[in-house]
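Have a look at the structure below, then the notes.
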Amino acid sequence: MQMFRFAQISATTLALATTLVAAASAALVNFENPPYTSGNIIGQDGWAQGAYIGPGFNVNGTANISTAAPLTGAQSLVYNQTTSAAGTAASDVAKAAVLNVTSGPGTDLRVSYLIRVTGNGINSAGSAGLFLSNAALSGSSPLLARVDGTGMVASDTGTVTAVPGFVYTPGNVLRVTYDVDFNASNFLLTVFDATTNTTQFQGTRGFLAGYPATGPGGSYVVDVGTFLRSGTATIDEITLTAVPEPACMVSLLLGIGLACPMLVRRR
Numbered sequence: 012m013q014m015f016r017f018a019q020i021s022a023t024t025l026a027l028a029t030t031l032v033a034a035a036s037a038a039l040v041n042f043e044n045p046p047y048t049s050g051n052i053i054g055q056d057g058w059a060q061g062a063y064i065g066p067g068f069n070v071n072g073t074a075n076i077s078t079a080a081p082l083t084g085a086q087s088l089v090y091n092q093t094t095s096a097a098g099t100a101a102s103d104v105a106k107a108a109v110l111n112v113t114s115g116p117g118t119d120l121r122v123s124y125l126i127r128v129t130g131n132g133i134n135s136a137g138s139a140g141l142f143l144s145n146a147a148l149s150g151s152s153p154l155l156a157r158v159d160g161t162g163m164v165a166s167d168t169g170t171v172t173a174v175p176g177f178v179y180t181p182g183n184v185l186r187v188t189y190d191v192d193f194n195a196s197n198f199l200l201t202v203f204d205a206t207t208n209t210t211q212f213q214g215t216r217g218f219l220a221g222y223p224a225t226g227p228g229g230s231y232v233v234d235v236g237t238f239l240r241s242g243t244a245t246i247d248e249i250t251l252t253a254v255p256e257p258a259c260m261v262s263l264l265l266g267i268g269l270a271c272p273m274l275v276r277r278r
C-alpha cells in the first residue's frame, strides 16, 4: 500500500514540478487581448521602436495589432509599408527582456514563430523576419532570419547570407524555429511551410556577432526584435522555451525522491 501511495505522490509531484519549471522558463507572445488591443503596437506590453530608427533610416510603415486575417487566434502583429520616400527604410519594433536563459551543453533555447510576407502597392517584394539579442532596441542582432521577397537570409558566423535552396511563395505561412546554443554561438534554423506542409530548410547557422551573457548569474537576456522592412507582413505566436539543463533536472528528481518517502511515512 505504501509503495502504491509513493508512486501516486511521486507522479503527482513530478508533474507539478515539471509544470512549474516550464512556466518559469518559457514565454509566449501571441498578440491576443488582453493585453493587446487593436492599433499601434508601440507602447503595448513593452514593445518599442528601435533607437536606430530615425533620420536616414526612418519609419516607412505601420506596425499594428490587427484582427484582419490573423495567423492564429483573433489578432496578429501586422506590418504594412506605406512609403518608399528617401530616408525611410524600416518599421522595426522589439520587446526587451522576454526571457533569461542559462546556458549549458547543447541547445539552451528554442524560439519559434509564424510569419506571412507579401508585397504591396509600395513594394512588390516583402521583407520581414525576427532576431534575438540582448540589446535589440539598440539594433544589435546576433542571430536572425528574414524573408526577402522569394528568398530568405540568415546570420551565419559573422555575416548574413542567403539560406541555400530556399524558395518562398509570397503569402504562404511559415513556422520558423531557432534552436539556440549560446556556448557554441550557433543555432539550428528550421523553416516549415505550414501552407504546403513541408520543411523547406533545416541547417545550423552561426551568430552574426557576439552574444554576451549580461543577465543574473551569467544568464543570457533574450530580447525579441522584428525586421519590418518592405511590403506587408504578419507575425504571430512567438514562443520562447528554455531547455532545462541536465543538472537542474537531476536536482529536481533527487528532491522528489527524498520528499516522497517522507510524505508516505507521514500518511
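Under this note's numbering, think of the first position of the sequence shown as 12, with each following residue one higher. All C-beta atoms, glycine included, are put in the ideal place defined by N, C-alpha and C.
Pull up the distance between the alpha-carbon of I246 and that of L185, whole angstroms please.
Position 235 of the sequence shown, counting from 1, holds the residue named residue 246. Position 174 of the sequence shown, counting from 1, holds the residue named residue 185. The straight-line gap from Cα to Cα measures roughly 10 Å.
Report the CB separation of V104 from G242 in whole angstroms; it is logged as a contact under 8 Å.
Taking the first residue of the sequence shown as position 1, residue 104 is located at position 93. Taking the first residue of the sequence shown as position 1, residue 242 is located at position 231. Not confirmed; about 16 Å, so no contact.
Using a Cβ-Cβ cut-off of 8 Å (strictly less than) and excluding sequence neighbours within five positions of S36, which residues of its own chain qualify?
Working through the sequence shown from its first residue, we reach residue 36 at position 25. Excluding residues within five positions, the ones whose Cβ falls inside 8 Å are L110, V112, T252, A253, P255.
Report all residues from its chain with a CB closer than 8 Å to the CB of F203; omit the five preceding and five following residues, and keep chain order.
Numbered from 1 along the sequence shown, position 192 holds the residue referred to as residue 203. Taken in chain order, the residues that qualify are L185, R186, V187, T188, T209, T210, Q211.
Helix, strand or coil at A147 according to DSSP, with G and I counted as helix:
For the purposes of this step, residue 147 is taken as residue 136 along the sequence shown, with counting starting at 1. DSSP places A147 in helix when its eight states are reduced to three.
Identified DSSP bridge partners for T237
In the sequence shown, counting from the first residue as 1, residue 237 sits at position 226. Answer is L141.
With contact counted as at least three CB pairs below 8 Å, one residue from each stretch, are the stretch 148–158 and the stretch 215–234 in contact?
Segments in contact, yes.
Identify the residues that DSSP records as bridge partners of F218: which are they?
Mapped onto the sequence shown, residue 218 falls at position 207. Beta-bridge pairing by DSSP links F218 to no other residue.
Where does G162 fall in DSSP's three states?
The residue given as residue 162 occupies position 151 in the sequence shown. The answer is strand: DSSP assigns G162 an E or B state.
Specify, as a first and last residue, the run of the beta strand (DSSP E) that F198 falls within.
Your numbering for residue 198 matches position 187 in the sequence shown. 197–204 is the span of the beta strand (DSSP E), which, as asked, contains F198.
Could you tell me which uninterrupted alpha helix (DSSP H) segments, each at least 4 residues in length, are contained entirely in the stretch 73–156, listed from first to last along the chain?
List check, alpha helix (DSSP H) in window: nothing returned.
Regarding L155 and the ligand NAD, is the C-beta to nearest heavy atom distance less than 6 Å?
Inclusion of the ligand NAD in the displayed structure is not the case, the ligand content being empty and no account of it being possible.
For W58 and P116, what's the separation of their Cα atoms in angstroms?
In the sequence shown, counting from the first residue as 1, residue 58 sits at position 47. In the sequence shown, counting from the first residue as 1, residue 116 sits at position 105. Those two C-alpha atoms are separated by around 32 Å.
Is the distance from the Cβ of N75 to the Cβ of G50 below 7 Å?
Working through the sequence shown from its first residue, we reach residue 75 at position 64. Working through the sequence shown from its first residue, we reach residue 50 at position 39. Contact: yes.
Using C-beta distances below 7 Å, list every residue in its chain close to P175, excluding the 5 sequence neighbours before and after it, in chain order.
Position 164 of the sequence shown, counting from 1, holds the residue named residue 175. Scanning its chain for C-beta atoms nearer than 7 Å, with the 5 sequence neighbours on each side dropped, one finds no residue around P175.
DSSP state of G65 mapped onto helix, strand, coil:
The residue labelled residue 65 in the question sits at position 54 within the sequence shown. Correct three-state label for G65: strand.
Does the CB of V89 have a neighbour CB from chain B at under 7 Å?
Protein chain content of the structure displayed is limited to a single chain, and chain B is not contained in it.
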